[in-house]
Every structure is written in C-alpha cells, then in structure tokens.
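S.K.: The structure is given below, and queries will be raised subsequently.
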Amino acid sequence: AQKVTQAQTEISVVEKEDVTLDCVYETRDTTYYLFWYKQPPSGELVFLIRRNSFDEQNEISGRYSWNFQKSTSSFNFTITASQVVDSAVYFCALSEAGRYSTLTFGKGTMLLVSP
Amino acid sequence: GAGVSQSPSNKVTEKGKDVELRCDPISGHTALYWYRQSLGQGLEFLIYFQGNSAPDKSGLPSDRFSAERTGGSVSTLTIQRTQQEDSAVYLCARSLLAGGTEAFFGQGTRLTVV
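Residue numbers (my numbering), protein chains in the order written: chain U, 1 to 115; chain B, 1001 to 1114.
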C-alpha cells in the first residue's frame, strides 16, 4: 500500500524567508511518481511538479525547488524568498506505476506567509 | 478550471435527500478521479475510472455512494440518503493516462447537508 506523510500541519513565515515543506512516502513499487500540488484560498488544486522514481536530479523552477532522495523516501519542496502569494495548502502525492494506479495524497501543509 | 468542469459549484441539501454531482472533463483524457475534501482535511480518494475498464471503487465510504461515467467522458457521483457527514468539497480530476501522469482538478462542488 502506498502512503504519503506530511508531518508539518502548518508553517508560518515572514515574507522573504526560505521555507521547506517535508514529504515522506512509502511504497513497495520500484517505479513510482511523486507530485506536489498547491491549493490557494480559492480552493482549486494546482499541479506544480511530477517526478519519477528513476530521476533523482533536483529541480529548480524560479523560487521553487524540489529535493528527491530515495534513500530517505523523501521529496521535499523549498520556496526561496517566500511571498504572500505563496500562502496556500501544499499537498504531496504519490502514484505507483501501472494502469490502475491512483493518486494518494498527504494531508497537506498550510503555509502562511505574512508581510 | 484546468479542463474540468464541475456542477453545481455549490449544493445545499436536506439530510436524507439524494444528490448528483457532475464532472465534465475535456476530451482525450481517459482517466478520471473523484476525491472528497472535508473541512481542514486532506484529499480522500473515492473512485477512479480508466478508459473502459471496471472502475476502482475502493475509496467509496458506503453503499450510499455510487458513480458512473458515460461514454468515457462525463461522470456523475451520486450520494443517496445524504448525511451531515457527507458535507465536503467533492473534487473531480482528469488525467491523460493512468498511473503516473499528473491529474488536473476542477474547482469542486461544495456540498452542505443540513
């Protein structure tokens, strides 16, 4: 069975601070995919990134970066120089390979960025 | 949003009534998911459709919940004899393929059972 744990329920930072959101996953498959989604106050889930289990190269997109470490089963998300607009709930998710695989989400981390 | 249209956006119903929630994804996406998000909670998987295969219903919380997908496109989630604990936002998502591709979510239907 697959499982995603986001231990941080809520994080508060002041604008311009860097912040890291943790994600730990469990799966018995060797091929799997990891995702991050953002849910702003408007409520719509926005896809941010997808990584497969064979690609451990870290990725950077603007102020966002992701650190994937298979050795610790973690896929952490860092926002550099946070902004108020980054305030949202962030969800980490896992999907095993295979035609009938579903997306399993963590419980989310609420990020509050104050000016 | 994101190529998934859900209706209604809000629904208030009396306890014991049946409700139908609709999801209309853009064409060409064979996989369709329903999730439920209760206040302050994460996303709870309900059901998953993949092409013409039998759906994965393992997440449906009770036999009061059912879903169908007609013609590989529009899906309807039906909740019979609604209870107050059914109050939540019901989210539908589309995915191009199965297992491993990103899912794109609609804006959800907020269901309130009074």
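The beta carbon of each residue, even a glycine, is placed where N, CA and C say it ideally should be. Everything numeric in this text was worked out from a predicted model, so none of it was measured.
Quick one: grab the DSSP three-state call for B:GLU1102.
M.R.: Position 102 of the second sequence, counted from the first residue, corresponds to residue 1102 of chain B. Coil, per DSSP.
S.K.: Output the boundary residues of the beta strand (DSSP E) element that contains U:LEU45.
M.R.: Against the first sequence, residue 45 of chain U aligns to sequence position 45. No beta strand (DSSP E) contains U:LEU45, which DSSP labels as neither H nor E.
S.K.: Of all the options B:THR1076, B:GLY1051, B:GLY1059 and B:LEU1046, which has the alpha carbon lying nearest to the alpha carbon of B:GLY1028?
M.R.: Taking the second sequence and counting its residues from 1, one reaches residue 1028 of chain B at position 28. Checked all of B:THR1076, B:GLY1051, B:GLY1059 and B:LEU1046; the closest Cα to B:GLY1028 is B:GLY1051.
S.K.: Please classify U:ASP55: does DSSP put it in a helix, a strand, or coil?
M.R.: The residue given as residue 55 of chain U occupies position 55 in the first sequence. Coil.
S.K.: CA-CA distance, U:THR31 and B:LEU1091?
M.R.: Here residue 31 of chain U refers to the residue found at position 31 of the first sequence. Here residue 1091 of chain B refers to the residue found at position 91 of the second sequence. Inter-residue distance for U:THR31 and B:LEU1091 is about 27 angstroms (C-alpha atoms, whole angstroms).
S.K.: Give a yes or no on contact between the region 1015-1029 of chain B and the region 1041-1056 of chain B, applying the rule of three or more CB pairs nearer than 8 angstroms.
M.R.: no
S.K.: Considering U:CYS92, what are the terminal residues of the beta strand (DSSP E) in which it resides?
M.R.: Taking the first sequence and counting its residues from 1, one reaches residue 92 of chain U at position 92. For U:CYS92, the enclosing beta strand (DSSP E) begins and ends at 88-96.
S.K.: Assign U:SER114 to one of two classes, buried (16 or more other C-beta atoms within 10 Å of its C-beta) or exposed (fewer than that).
M.R.: Within the first sequence, numbered from 1, the residue matching residue 114 of chain U stands at position 114. The residue is exposed, with fewer than 16 neighbouring Cβ atoms inside 10 Å.
S.K.: Counting pairs of beta carbons, one from the region 64-82 of chain U and one from the region 1066-1079 of chain B, are three or more of them closer than 8 angstroms?
M.R.: no
S.K.: Under three-state DSSP, which class holds B:GLU1148?
M.R.: No answer is possible for residue 1148 of chain B: the residues shown for chain B start at 1001 and end at 1114.
S.K.: Can you give, in chain order, each stretch of the beta strand (DSSP E) that sits fully within the region 1054-1078 of chain B and has at least 3 residues?
M.R.: Counting whole runs of 3 or more residues, the region 1054-1078 of chain B contains the beta strand (DSSP E) stretches 1065-1069.
S.K.: Can we say the region 1099-1113 of chain B touches the region 37-55 of chain U, given the rule of at least three CB pairs closer than 8 angstroms?
M.R.: yes
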